[in-house]
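**Q**
Chains as they are written, first to last, in this note's numbering: chain A, 1 to 175; chain B, 1 to 92.
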């Protein structure tokens with residue numbers, strides 16, 4: 001039995017600890033690992049605080065906690081505090097409710113999300129489709145022309161926000 | 001693409017687009033992380049080959065593919081929805 005949050009196949013994680021996330025593109029929900037939904041929700045709360053807080057208070061908070069907002073330089077590029085990253089990810093693996101993600105700063109959360117993605121046994125965009133995505137990029141027309149052609153040629157005006165299953169998405173990329 | 005991967009990818013890409021909106025808040029503030037920079041740092045974590053071949057470094061192509069997908073995502077999710085609608089239409 002695979003327990004924990006990191007280095008678990010996505011399908012297992014979604015089955016065991018899935019959340020109906022409202023963070024997708026459309027109005028409906030998407031079933032994703034609750035860890036991903038939690039990290040994104042925590043970071044979303046850190047957006048825009050710089051617009052609300054007076055500069056002086058913002059500066060004080062930065063000294064106390066590190067930056068509290070998403071405009072911090074190098075988010076997702078900086079690795080944050082490696083020791084803390086290790087401690088937090090190990091704690092999450094033992095008990096996913098033991099960590100309050102909103103206590104972490106945005107750089108630390110971004111590093112945590114990157115670690116989660118990097119640790120997936122089969123990467124997010126999958127080993128299987130790696131060469132297809134690379135080929136699609138080489139033939140950059142494939143990605144940039146196909147969408148408009150498809151839109152123009154669609155005869156039915158039905159704009160159903162139907163969700164996609166895996167096989168259809170593959171078709172979509174491969175068009 | 002397996003559905004959990006596809007759905008998590010949609011949520012991640014929509015989120016990264018939001019993150020990029022903080023890249024240049026005003027002249028002084030900003031994360032400096034636009035979609036291009038985010039694609040560069042995130043692609044080694046989400047799009048890489050099984051068993052690395054040192055003779056063929058495709059990390060640059062992978063970053064470009066992720067960048068294009070991030071830029072085109074709105075069309076992309078939309079087209080997918082329409083395509084599914086059409087497939088369903090022809091199926092029944």
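Where is the CB? At the ideal position from N, CA and C, for every residue including glycine. If you're wondering where the values come from, they're calculated on a predicted model, not measured in any experiment.
Out of curiosity, what's the CA-to-CA distance linking residue 82/B and residue 132/A?
**A** 22 Å
**Q** What residues of chain A sit near residue 32/B, judged by a beta carbon separation below 8 Å?
**A** 73 and 74
**Q** If we ignore side chains and look at the alpha-carbon of each, how far apart do residue 108/B and residue 27/B end up?
**A** Examination of residue 108/B is not possible in this model, given that chain B is present from 1 through 92 alone.
**Q** Going along chain A, which residues have a C-beta under 8 Å from residue 61/B?
**A** 134, 137 and 138
**Q** In angstroms with no decimal places, state the Cα-to-Cα distance between residue 117/A and residue 90/B.
**A** Their Cα atoms are separated by approximately 37 Å.
**Q** Please list, in chain order, all residues of the same chain as residue 108/A whose beta carbon is under 6 Å from its beta carbon, the five residues on each side excluded.
**A** 80
**Q** Could you compute how far the alpha carbon of residue 15/B sits from the alpha carbon of residue 4/B?
**A** 16 Å
**Q** What's the call for residue 63/B, buried or exposed, on a 16-neighbour Cβ count within 10 Å?
**A** Buried, because 16 or more other Cβ atoms sit within 10 Å of the Cβ of residue 63/B.
**Q** When the Cα of residue 50/B is compared with those of 35/A, 96/A and 129/A, which residue comes out closest?
**A** 129/A
**Q** Take the Cβ of residue 91/A as the centre, count every other Cβ of all protein chains shown within 10 Å, and call the residue buried at 16 or more, exposed below.
**A** Result: exposed.
**Q** Looking at residue 31/A: is its Cβ nearer than 8 Å to the Cβ of residue 14/A?
**A** yes
**Q** Check the Cβ of residue 14/A against every Cβ in chain B and list those closer than 7 Å, keeping chain order.
**A** 4
**Q** In this structure, does DSSP put residue 33/A in helix, strand or coil?
**A** strand
**Q** Taking the Cβ atom as the reference point for each residue, do residue 125/A and residue 9/B lie within a distance shorter than 8 Å?
**A** yes
**Q** Could you check how far apart the C-beta atoms of residue 96/A and residue 6/A are, in whole angstroms? I think they sit under 8 Å.
**A** Not really, about 10 Å apart at Cβ, beyond 8 Å.
**Q** Please confirm if residue 27/B has its CB atom under 8 Å from at least one CB of chain A.
**A** no
**Q** How is the alpha helix (DSSP H) around residue 20/A delimited, first residue to last?
**A** Unbroken run through residue 20/A is the beta strand (DSSP E), 18-21; no alpha helix (DSSP H).
**Q** Given this structure, state the Cα-to-Cα distance separating residue 123/A from residue 9/A, to the nearest angstrom.
**A** The alpha-carbon of residue 123/A is positioned some 9 Å away from that of residue 9/A.
**Q** Assuming residue 23/A contacts residue 37/A under a Cβ cut-off of 8 Å, what Cβ separation, rounded to an integer in Å, is found between them?
**A** 7 Å
**Q** Which residue comes first and which comes last in the alpha helix (DSSP H) that contains residue 39/B?
**A** 35-46
**Q** Determine whether the Cβ of residue 53/B lies closer than 8 Å to any Cβ atom of chain A.
**A** no
**Q** Under 8 Å, Cβ to Cβ, is there at least one residue of chain A near residue 35/B?
**A** no
**Q** Taking 8 Å as the threshold (beta carbon to beta carbon), is residue 92/A in contact with chain B?
**A** no
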